Every structure is written in structure tokens, then in C-alpha cells.
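Here's the structure we're looking at; comments come further down.
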Amino acid sequence: SQKIEQNSEALNIQEGKTATLTCNYTNYSPAYLQWYRQDPGRGPVFLLLIRENEKEKRKERLKVTFDTTLKQSLFHITASQPADSATYLCALVYGGYNKLIFGAGTRLAVHP
Amino acid sequence: EAGVVQSPRYKIIEKKQPVAFWCNPISGHNTLYWYRQNLGQGPELLIRYENEEAVDDSQLPKDRFSAERLKGVDSTLKIQPAELGDSAVYLCASSRDRGELDTQYFGPGTRLTVL
Chain A
1292 SQKIEQNSEA LNIQEGKTAT LTCNYTNYSP AYLQWYRQDP GRGPVFLLLI RENEKEKRKE
1352 RLKVTFDTTL KQSLFHITAS QPADSATYLC ALVYGGYNKL IFGAGTRLAV HP
Chain B
3 EAGVVQSPRY KIIEKKQPVA FWCNPISGHN TLYWYRQNLG QGPELLIRYE NEEAVDDSQL
63 PKDRFSAERL KGVDSTLKIQ PAELGDSAVY LCASSRDRGE LDTQYFGPGT RLTVL
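Just so you know, the protein sequences line up as chains A and B, in that order. Under the numbering used here, the very last position in the first sequence is 1403; numbers go up by exactly one each time. Under the numbering used here, the very last position in the second sequence is 117; numbers go up by exactly one each time.
Quick look at the structure:
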């Protein structure tokens, strides 16, 4: 069956360190993969999209990698800040149009 | 630019009661989505509209859920009757079009509690 897995345990890191979140999937062949941020009581907010033929994408302190052989995406936040604390969701773009299949998300806590 | 507006933000009802959620998408966005997000899970698509046409409702439990998007703008999602398992956050999202690169913008959601 199709499955998207993100670290179910919360990730706790010290301010200034790099946070790395993992998204693994099985039985999909997505053309695109997206990362979203979700704060408590709010809807997800789009951060980055990476195409299957792109190995890496950067935006300010954010970096995403996409390995279609390993069926894995890594999401990095460098020089993390307490304001980066949130749940981060990966989503596969599936079905030939803008259909998103979300993972369960990983909660990140950045401590001062 | 105003974001996606949803109301109410919170709703508490007894089981077997009806409930309705309202969504106003971003102006000019043709595609509208309703998602359900259970606690500790990612959003799951219930239905997608392109203008006023429901083009993907395969995940909508049609025995008790219904939705409409009159005039291709605002949308309403209804549950009748509600069950305990319907407790969740109901999210509305919109995108300019249905393309794979069209960003989806989410509203704040309606948190439904069924007692």
C-alpha cells in the first residue's frame, strides 16, 4: 500500500543548530514534493517545492533534497531559531494535477 | 491580499446533529479544496472543486457529507448527522488553478468536536 512516513517523534534542537527532518515514501512516483509549515491552530503554509529531476532546492535558511532512488526527501533548517518551532509536513504531488498526499508531520522545537 | 477565510473557527455539537462549515477562497482562485485533519495526522483531501464543479470527491463519505460551491466562489461543507469519529479540523484551501505547480493556500480551519 502507499505510505508516507515522517519522524513521529518530536525533534528538539538547540538554537543555532541545523534541524534535519525526513520524509520517506513507498509505492509512489511523485513528480513533485512539497514542504509545509503548520503552527498550532493554523492551516499549513507552503514553504518549498522540489521537482523529481532536482536534487536540491534552497530558500534562505531552508534546504530540501529529493532522492527518487531512495524515495526520500530531507528538509534542513540552518541556524535554527525558536521561531522555527512548528510542525513540518511533507506532501507528494500526485495524480497528474494538484493533488497532495500529506505525511503526518514532524514537530520541531528549537530551544534558546 | 486577504487569505482563505473559514467560519466558524470552533464548533461543538452533540452526535447526530447537523453541522456546516463555510469557506471563502482567495479572490480569483478557481480551485477549492476541503481537507480533514485528524489529531496528529496530515490533512486528507475530501473534495476538490474547479469553479463550481466537484471534480474529485472520491474521499468524501457521501452518506453523511455534502458540499457545494455555488457560483464558483464560496463553499459550504455539511455533515448530517455527525458522528463521534467526525471530530477533526476541517481545512479549506484554494489555488489559482489545478496545475501541479499551483500553490495551495490554506485557511485556519474549523475545529469540530462531536460529543
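Ideal Cβ positions, reconstructed from N, Cα and C, are used throughout, including at glycine. The structure presented is a predicted model; accordingly, all values stated were derived computationally and were not measured.
Give the straight-line distance between the Cα atoms of residue i and residue j, rounded to the nearest whole angstrom.
| i | j | result |
| --- | --- | --- |
| threonine 1309 (chain A) | glycine 44 (chain B) | 24 Å |
| leucine 47 (chain B) | tyrosine 35 (chain B) | 7 Å |
| lysine 80 (chain B) | aspartate 59 (chain B) | 14 Å |
| tyrosine 1388 (chain A) | arginine 98 (chain B) | 13 Å |
| proline 1321 (chain A) | lysine 1346 (chain A) | 14 Å |
| phenylalanine 1357 (chain A) | arginine 1342 (chain A) | 8 Å |
| glycine 1307 (chain A) | leucine 93 (chain B) | 33 Å |
| leucine 1399 (chain A) | alanine 4 (chain B) | 28 Å |
Once DSSP output is grouped into helix, strand and coil, what is the label at residue i?
| i | result |
| --- | --- |
| leucine 79 (chain B) | strand |
| aspartate 1375 (chain A) | helix |
| leucine 1338 (chain A) | strand |
| threonine 72 (chain B) | In the sequence on display, residue 72 (chain B) carries leucine and not threonine. Three-state result, leucine 72 (chain B): helix. |
| aspartate 104 (chain B) | coil |
| aspartate 99 (chain B) | coil |
| leucine 41 (chain B) | coil |
| leucine 1361 (chain A) | coil |
| leucine 117 (chain B) | coil |
| aspartate 2 (chain B) | Here chain B covers residues 3 to 117 and nothing more, so residue 2 (chain B) does not appear. |
Nearest by alpha-carbon distance to residue i: which of the options is it?
| i | options | result |
| --- | --- | --- |
| tryptophan 24 (chain B) | B:Gln8, B:Glu16 and B:Phe108 | B:Gln8 |
| threonine 105 (chain B) | A:Phe1337, A:Gly1386, A:Glu1343 and A:Pro1373 | A:Phe1337 |
| alanine 84 (chain B) | B:Ile14, B:Pro10 and B:Ala4 | B:Ile14 |
| cysteine 1381 (chain A) | A:Leu1312, A:Arg1333, A:Val1401 and A:Gln1305 | A:Leu1312 |
| glutamate 70 (chain B) | B:Tyr51, B:Gly87, B:Asp88 and B:Gln61 | B:Tyr51 |
| glutamine 1363 (chain A) | A:Thr1317, A:Ser1299 and A:Glu1300 | A:Thr1317 |
| valine 116 (chain B) | B:His31, B:Gln82, B:Ala95 and B:Gly109 | B:Gln82 |
At a Cβ cut of 9 Å, what residues of the region 98-110 of chain B count as close to chain A, listed as they run along the chain?
Asp99, Arg100, Gly101, Glu102, Leu103, Asp104, Thr105, Gln106, Tyr107, Phe108, Gly109 and Pro110
Given a limit of 9 Å on CB to CB distance, which residues of the region 68-90 of chain B reach chain A?
Correct list: empty, as no residue qualifies.
Under 8 Å (Cβ pairs) to chain A, residues found in the region 22-53 of chain B
Thr33, Gly42, Gln43, Gly44, Pro45, Glu46, Leu47 and Arg50
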